[in-house]
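Have a look at the structure below before the remarks.
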């Protein structure tokens, strides 16, 4: 899995997660469905970790590889972190 190898977030097609959900719903073999669900969860957790790290460090470069939903999440996390930092340092 390329996502695991590097620190940078890899590009996925905009439709990737939606198609993965549909494929999971249609899978009739419980063992295949379980394995697919595990891999999808693993990928999602890796991406969430990278998105959080990007927001924490203020990195904008990798955001071009995010899906639209991930960009929304990235921006929300970044805003919350910036506001938190501002509250901590506003009186100092």
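Numbering (the working numbering), first residue to last: 43 to 134.
Ideal Cβ placement from N, Cα and C applies to all residues, glycine included.
What you are looking at is a predicted structure, and each value in this text was computed from that prediction instead of being measured.
Using 8 Å for Cβ pairs, my map puts residue i next to residue j. What's the rounded Cβ distance?
i: residue 93; j: residue 82; result: Going by Cβ atoms, the distance from residue 93 to residue 82 rounds to 16 Å, so no, they are not a contact pair.
i: residue 105; j: residue 116; result: 6 Å
Would you call the CB atoms of residue i and residue j closer than 8 Å?
i: residue 98; j: residue 123; result: yes
i: residue 45; j: residue 85; result: yes
When DSSP labels each residue in this structure, what does residue i get in the three-state scheme?
i: residue 94; result: helix
i: residue 76; result: helix
i: residue 99; result: helix
i: residue 128; result: helix
i: residue 104; result: helix
i: residue 65; result: helix
Give every residue of the same chain whose Cβ lies closer than 6 Å to the Cβ of residue i, excluding the five residues on either side of it in the sequence, and list them in chain order.
i: residue 62; result: 82
Could you pull out every residue in the same chain whose Cβ sits closer than 8 Å to the Cβ of residue i, ignoring the five residues on either side in sequence?
i: residue 78; result: 62, 65, 66, 69
i: residue 56; result: 109, 110
i: residue 58; result: 109
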